[in-house]
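**Q**
In the working numbering, the protein residues as written are 4 to 466.
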């Protein structure tokens with residue numbers, strides 16, 4: 004059984020799916036006005052681990068991740084580029100999917116785009132108008148937070164902070180701007196717009212109104228279309244708790260009268276050198292920056308796995324280098340296991356249970372990783388005690404959640420002859436035959452490889 008920290012209740016809760024057939028998971032996807040930065044990518048990796056963990060527990064998952072292809076930032080930058088929003092977002096959308104593939108993030112069931120779901124958004128607004136939870140000012144329509152009595156329960160806002168009657172048009176705003184938020188924005192010159200008739204809201208709304216949806220509305224309309232009015236898990240970053248997720252709850256529950264989401268699961272920020280990412284500090288990095296430094300994208304994934312998703316993680320190039328060393332050591336260990344034929348009788352099945360318990364405890368990936376390294380440590384101490392094939396199977400099973408691509412590793416990345424030399428050197432070192440060990444090391448270097456001695460055993464890589 005899985006326990007997840009639910010932001011709604013501020014405690015870990017036992018997760019039981021709403022339906023027997025599948026788990027409904029909605030995650031906030033990218034606003035495709037630029038390349039996803041590493042903070043975004045940390046969130047996507049955490050959400051991938053969440054999905055993989057649920058599947059590891061035996062459930063089927065219907066994962067929906069939206070693509071926001073119209074909002075204030077997209078319109079602003081498309082204008083600067085002298086392009087339509089559809090032309091402007093195309094390369095960034097393509098880059099987003101490339102990033103997911105490189106990071107071994109599993110594909111979602113659906114990737115709905117905002118501009119393809121205007122009809123669903125109009126219906127949702129009409130329902131809110133009919134229930135008098137929304138009102139119109141000129142051509143824009145706003146949600147009346149004073150009419151939704153539980154507004155603020157996710158973000159723990161007090162009623163004293165609510166500014167009922169004051170309106171905010173911006174898609175994104177701070178906790179100090181707790182105002183009636185926009186559902187439909189009046190058409191402005193030079194901006195994309197759609198004609199909408201909110202007739203369900205009453206006779207006053209029978210006339211077509213040109214405009215575009217607010218950002219918060221998009222996720223409500225698309226999540227409920229594919230997962231129903233109530234679904235299991237909504238995941239995202241902590242920066243979305245307010246106002247985005249708070250507004251989603253209000254407009255969704257206001258329209259349907261039903262509980263919107265059972266679990267809100269949010270991941271913490273990624274810092275860079277101890278500071279929040281910002282353009283002014285020049286510390287906003289993308290996956291392309293990581294690759295330009297010579298790192299495999301899976302090294303970044305490994306780094307993310309070393310921290311709990313609810314803890315801040317400090318990114319530095321040094322920490323990424325350490326993650327590279329660890330991942331390469333794990334990869335080498337897997338490749339080495341493929342060449343060994345030990346048939347020891349001591350079972351390591353208990354470690355797999357420990358791995359599962361770590362996952363079930365609110366996705367405790369640092370503990371899950373430590374179990375993997377315990378397996379490697381014990382095998383390295385006395386390989387003949389254990390069945391190398393069994394351990395390989397255990398690691399492949401764990402990688403169903405880790406997502407490090409261990410099963411698809413190519414053995415030729417470290418040739419068998421090099422691995423054999425590394426093994427021979429280790430035997431000499433154990434017997435304290437240092438001169439022979441140094442000779443073997445020289446041969447390894449001659450072949451274009453290096454050996455670094457670590458507490459986890461020898462780390463071999465191409466020079």
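Glycine included, every Cβ here is placed at the ideal spot set by N, Cα and C.
Just so we're clear, the structure is a prediction, and the values are computed from it rather than from any experiment.
Using only CA atoms, which one of 121, 120, 333, 235 lies nearest to residue 25?
**A** As a position in the chain shown, residue 25 is number 22, starting the count at 1. Among 121, 120, 333, 235, the Cα nearest to that of residue 25 is on 235.
**Q** Evaluate the contact criterion for the region 317 to 327 versus the region 362 to 382: three or more CB pairs, one atom per stretch, below 8 Å.
**A** Segments in contact, no.
**Q** Check each candidate in 241, 446, 55 and name the one with the smallest Cα separation from residue 158.
**A** As a working mapping, residue 158 is identified with position 155 in the chain shown. Among 241, 446, 55, the Cα nearest to that of residue 158 belongs to 241.
**Q** Helix, strand or coil for residue 353 per DSSP?
**A** Looking up residue 353 in the chain shown gives position 350. Three-state result, residue 353: helix.
**Q** Can you give me the C-alpha to C-alpha distance between residue 388 and residue 286, rounded to a whole angstrom?
**A** Indexing the chain shown from 1 puts residue 388 at position 385. Indexing the chain shown from 1 puts residue 286 at position 283. Taking the straight line from one Cα to the other gives about 48 Å.
**Q** Taking contact to mean 3 or more Cβ pairs, one atom from each stretch, closer than 8 Å, check whether the region 54 to 74 and the region 374 to 387 are in contact.
**A** The region 54 to 74, when compared against the region 374 to 387, does not touch it at the 8 Å Cβ threshold.
**Q** Once you ignore the five residues that flank residue 256 on each side, which residues in its own chain have a CB closer than 6 Å to its CB?
**A** Taking the first residue of the chain shown as 1, we reach residue 256 at position 253. Excluding sequence neighbours, residue 256 sits near 263.
**Q** Over what stretch of residues does the alpha helix (DSSP H) that includes residue 333 continue unbroken?
**A** Looking up residue 333 in the chain shown gives position 330. 320 to 342 is the extent of the alpha helix (DSSP H) around residue 333.
**Q** On the three-state DSSP scale, how would you describe residue 314?
**A** Counting from 1 along the chain shown, the entry for residue 314 is found at position 311. Reduced to three states, the DSSP call for residue 314 is coil.
**Q** In the DSSP assignment, what residue or residues form a beta bridge with residue 378?
**A** Your numbering for residue 378 matches position 375 in the chain shown. None; residue 378 has no bridge partner.
**Q** Just how far apart, CA to CA, sit residue 341 and residue 395?
**A** Numbered from 1 along the chain shown, position 338 holds the residue referred to as residue 341. Numbered from 1 along the chain shown, position 392 holds the residue referred to as residue 395. So the alpha carbons of these two residues sit roughly 7 Å apart.
**Q** Just mark residue 399 as buried or exposed, buried being the case when its beta carbon has 16 or more other beta carbons within 10 Å.
**A** Looking up residue 399 in the chain shown gives position 396. Exposed.
**Q** What residues in its chain sit with their C-beta under 7 Å from that of residue 327, if we drop five residues either side in the sequence?
**A** Here residue 327 refers to the residue found at position 324 when the chain shown is read from its first residue. Around residue 327: 298, 302.
**Q** Buried or exposed: where does residue 385 fall if 16 or more other Cβ atoms within 10 Å of its Cβ makes it buried?
**A** The residue given as residue 385 occupies position 382 in the chain shown. Its Cβ having fewer than 16 others within 10 Å, residue 385 is exposed.
**Q** Determine which residues share a DSSP beta bridge with residue 270 and list them.
**A** Locating residue 270 in the chain shown gives position 267, counting from the first residue. Paired residue(s): 240.
**Q** Under 8 Å by Cβ, that's how I've got residue 267 and residue 18 pegged, so tell me the actual separation to the nearest angstrom.
**A** On the chain shown, residue 267 is found 264 positions in, with the first residue counted as 1. On the chain shown, residue 18 is found 15 positions in, with the first residue counted as 1. That belief does not hold up - the Cβ atoms of residue 267 and residue 18 are roughly 12 Å apart, past 8 Å.
**Q** Excluding the five sequence neighbours on either side, which residues of its own chain have a C-beta within less than 6 Å of the C-beta of residue 34, listed in chain order?
**A** In the chain shown, counting from the first residue as 1, residue 34 sits at position 31. Cβ neighbours of residue 34 beyond the five flanking positions: 71, 74.
**Q** Can you find the residues in the same chain that come closer than 6 Å, C-beta to C-beta, to residue 213, ignoring five residues on each side of it along the sequence?
**A** Against the chain shown, residue 213 aligns to sequence position 210. Within the same chain, residue 213 has close Cβ partners 190, 196, 198.
**Q** Buried or exposed for residue 188, going by 16 or more other Cβ atoms inside 10 Å?
**A** Locating residue 188 in the chain shown gives position 185, where the first residue counts as 1. So residue 188 counts as buried.
**Q** Within 10 angstroms of the Cβ of residue 223, are there 16 or more other Cβ atoms? Answer buried if so, exposed if not.
**A** For the purposes of this step, residue 223 is taken as the residue at position 220 of the chain shown. Classification for residue 223: buried.
**Q** Suppose the cutoff is 7 Å on Cβ atoms and the five residues either side in sequence are ignored; what does the same chain contact list for residue 48 look like?
**A** Here residue 48 refers to the residue found at position 45 of the chain shown. Excluding residues within five positions, the ones whose Cβ falls inside 7 Å are 106, 108, 304, 307.
**Q** Use the C-beta contact count for residue 219: other C-beta atoms within 10 angstroms, 16 or more gives buried, fewer gives exposed.
**A** The count along the chain shown starts at 1 and reaches residue 219 at position 216. Buried.
**Q** Given this structure, state the Cα-to-Cα distance separating residue 397 from residue 339, to the nearest angstrom.
**A** Counted from its first residue, the chain shown places residue 397 at position 394. Counted from its first residue, the chain shown places residue 339 at position 336. Going by the C-alpha atoms only, they are around 15 Å apart.
**Q** By Cβ distance below 8 Å, which residues in the same chain neighbour residue 408 in space, the five residues on each side in sequence not counted?
**A** The sequence position of residue 408 within the chain shown is 405, counting from 1. Only 107, 301, 402 meet the Cβ criterion.
**Q** Which residue or residues does DSSP assign as beta-bridge partners of residue 166?
**A** Within the chain shown, residue 166 is the residue found at index 163, counting from 1. Answer is 182, bridged to residue 166.
**Q** Considering only the beta carbon of each residue, do residue 53 and residue 28 sit closer than 9 Å?
**A** By one-based count along the chain shown, residue 53 stands at place 50. By one-based count along the chain shown, residue 28 stands at place 25. It is a contact, given that the beta carbons lie within the stated cut-off.
**Q** Please give me, in chain order, every unbroken run of the alpha helix (DSSP H) with length at least 4 that falls completely inside the region 114 to 168.
**A** Correct list: 121 to 133.
**Q** Going by the DSSP bridge assignment, what does residue 70 pair with across the sheet?
**A** Residue mapping note: residue 70 aligns to position 67 of the chain shown, counting from 1. Answer is 116.
**Q** Under three-state DSSP, which class holds residue 199?
**A** Translated into positions along the chain shown, residue 199 becomes position 196. Strand at residue 199.
**Q** How would you write the range of the beta strand (DSSP E) that residue 26 sits in, first residue to last?
**A** Within the chain shown, numbered from 1, the residue matching residue 26 stands at position 23. Residue 26 -> beta strand (DSSP E) spans 26 to 30.
**Q** What residue from 450, 439, 252 has the CA that sits closest to residue 146's CA?
**A** Counted from its first residue, the chain shown places residue 146 at position 143. When only C-alpha atoms are compared, the closest one is 252.
**Q** Quick one: give me the first and last residue of the beta strand (DSSP E) that residue 17 is part of.
**A** Position 14 of the chain shown, counted from the start, is the residue given in the question as residue 17. That run of the beta strand (DSSP E) goes 14 to 17.
**Q** Buried or exposed for residue 3, please, with buried defined as at least 16 other CB atoms from any protein chain shown within 10 angstroms of its CB.
**A** Outside the shown range of the chain, which is 4 to 466, sits residue 3, and nothing can be said about it.
**Q** Between the Cα of residue 57 and the Cα atoms of 411, 431, 4, which residue gives the shortest distance?
**A** Taking the first residue of the chain shown as position 1, residue 57 is located at position 54. Minimum Cα distance to residue 57 is reached at 4.
**Q** In the DSSP assignment, find the alpha helix (DSSP H) that holds residue 306 and state where it starts and stops.
**A** The residue given as residue 306 occupies position 303 in the chain shown. 300 to 308 is the span of the alpha helix (DSSP H), which, as asked, contains residue 306.
**Q** Shortest alpha-carbon distance to residue 99 belongs to which of 289, 311, 153, 59?
**A** On the chain shown, position 96 is the one that residue 99 refers to. Of the candidates 289, 311, 153, 59, the one whose C-alpha sits nearest the C-alpha of residue 99 is 289.
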